[in-house]
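In the numbering used here, the protein residues as written are 220 to 677.
As structure tokens, then:
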């Protein structure tokens, strides 16, 4: 029997192709905007194809799409770039919630689906529930609404294992038994939601970029499983692409932190500050003002800029871009060194610098510059902390030990822009701040950079 390819099939094929091409384009900065547009067009094609097939629910579906679009536009207009990590975490959570809802409805007796489909639906509920509440906890930590350190209590892993066992048991009951199916489905949902809270609560703020990446991957996995359960090829492909790319990014970031994913998830890193240097009051700092910082930068032939979350908070990226252009006009070789886990989400610093107009060719990774750091005249650290801590190389007692960092302390001079001497998200003191070749420029990073820029202008 010959299958006739109709308009909905063509739209779904277009959607799948657009998702693949869009993701490929997003891998490069110069083509990322086009990739985003292509992926969005693919989603429009996928929705159009589904509506074409199920036109009986057209009015309700269009109303829900309109409501979601209004919320999306409000977020786009109101959320600042500094709050982008929180927004990404929230979007990951909403994706997980959608998959949970699809799986839960498919488990209801009225759906009358096959055991295999119900098993896929139960899996969608578990992964979606963990993604939803885990993302909400990550959002709350990133937004500072709850304690950003790891929340560890006795028997936490045992309790988490028991909740996971309950979720698996209730899911199996909902799949194989027609009796009490609704009760089993509700227990499955509740256990999955609790498991997400327990899983992310024990992860400290210093690991949030990895967590956001992992949750993004899980949202894709949940979508792929839900798509399989409801026989949606577009949802399967989109979810698989998001899940696979998110997992690969998570692996890269774990490698950049010299920690396995299991240590990130289960070690409770960030719950206790254990650095051997913490609380060391015998070492002194060397403060500097903006005018003297200008003199150091003006005389430098080579400068590296290491941005961190503090730059995002101060909204200093545009001022930093202006300073880099003035330095280059002065004959200085300028490079931006981006640590993979700098900021609060994957690529956080890249996004901010791209928004400010910094040339992508000026961006480097730590491995590209660390070997030649001794030749750098000035290292300008703007709001970065843990990713420039030399204790990661030198102090086996530090929780950061073994993590690859930017070797700023080896430069001829370092200028650190910071509001105070407070530790970073890892909760440990930074030996760089008391290094003999480091000068601390306290205050708002944007105001300090603007003052230096004005010195250049005059």
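Every residue, glycine too, gets a C-beta built ideally from N, C-alpha and C. These figures come from a predicted structure and were not determined experimentally.
Using only the alpha-carbon positions, how far apart do residue i and residue j sit?
i	j	result
residue 528	residue 473	19 Å
residue 600	residue 330	58 Å
residue 437	residue 445	12 Å
residue 476	residue 429	9 Å
residue 402	residue 392	10 Å
residue 323	residue 408	8 Å
residue 627	residue 433	29 Å
residue 283	residue 267	14 Å
residue 397	residue 442	26 Å
residue 365	residue 297	22 Å
residue 661	residue 513	14 Å
residue 575	residue 227	41 Å
residue 491	residue 235	In this prediction, residue 491 scores a pLDDT of 47, lower than 50, which makes its location untrustworthy; no coordinate-derived value is stated.
residue 423	residue 657	28 Å
residue 494	residue 610	The predicted model places residue 494 with a pLDDT of 43, which falls under 50 and marks its position as unreliable; any figure quoted below should be read in that light. Going from the Cα of residue 494 to the Cα of residue 610 covers about 8 Å.
residue 338	residue 390	8 Å
residue 335	residue 663	58 Å
residue 545	residue 553	10 Å
residue 435	residue 239	17 Å
residue 479	residue 431	16 Å
residue 343	residue 333	15 Å
residue 450	residue 533	47 Å
residue 655	residue 592	16 Å
residue 496	residue 350	Any answer about residue 496 is weak, because its pLDDT of 43 lies below 50 and its placement is not dependable; what the coordinates show is given next. Cα to Cα, the separation comes out at about 37 Å.
Around the C-beta of residue i, are 16 or more other C-beta atoms found within 10 angstroms, so that it is buried, or is it exposed?
i	result
residue 498	Because the pLDDT at residue 498 is just 45, under 50, the model does not fix this residue reliably, and the point stays unresolved.
residue 579	exposed
residue 360	buried
residue 531	buried
residue 247	exposed
residue 648	buried
residue 426	buried
residue 567	buried
residue 652	buried
residue 276	exposed
Just curious, the beta strand (DSSP E) that residue i is in, first and last residue?
i	result
residue 521	521 to 526
residue 670	Residue 670 -> not in any beta strand (DSSP E); alpha helix (DSSP H) instead, spanning 664 to 676.
residue 637	633 to 637
residue 661	657 to 661
With residue i and residue j assumed to form a contact (beta carbons below 8 Å), what rounded beta-carbon distance in angstroms separates them?
i	j	result
residue 625	residue 556	5 Å
residue 596	residue 521	5 Å
residue 637	residue 535	No, residue 637 and residue 535 are not in contact; Cβ-Cβ is about 12 Å, not under 8 Å.
residue 607	residue 672	Actually they are not in contact, since the Cβ atoms of residue 607 and residue 672 sit about 23 Å apart, beyond 8 Å.
residue 669	residue 548	With a Cβ gap of about 17 Å, residue 669 and residue 548 do not count as contacting.
residue 630	residue 598	4 Å
residue 448	residue 346	That pair is no contact at about 12 Å.
residue 300	residue 619	That pair is no contact at about 27 Å.
residue 341	residue 419	So it is not a contact: roughly 22 Å between Cβ atoms.
residue 382	residue 417	6 Å
In terms of residue numbering, what span does the alpha helix (DSSP H) encompassing residue i cover?
i	result
residue 626	That residue, residue 626, is in no alpha helix (DSSP H); it is neither H nor E in DSSP.
residue 481	480 to 485
residue 539	536 to 548
residue 513	509 to 518
residue 613	610 to 613
*Completely contained alpha helix (DSSP H) runs for the stretch 580 to 606, where each covers 4 or more residues*: Runs of alpha helix (DSSP H) with 4 or more residues, each lying fully within the stretch 580 to 606, are found at 585 to 588, listed in chain order.
*Considering only residues of the stretch 288 to 338, which uninterrupted alpha helix (DSSP H) runs meet the minimum length of 4 residues and lie entirely inside it, listed in chain order?*
Listed in chain order, they are 303 to 326.
*In chain order, which alpha helix (DSSP H) runs of at least 4 residues are fully inside the stretch 373 to 460?*
Segments of the alpha helix (DSSP H) lying fully in the stretch 373 to 460: 375 to 395, 400 to 420, 427 to 448.
*Taking only runs that begin and end inside the stretch 551 to 580, name each unbroken beta strand (DSSP E) of 3 or more residues, in chain order.*
Runs found: 552 to 556.
_Sequence ranges, alpha helix (DSSP H) only - wholly within the stretch 226 to 264, length at least 4_ = If you keep only unbroken alpha helix (DSSP H) runs of at least 4 residues inside the stretch 226 to 264, you get 226 to 244.
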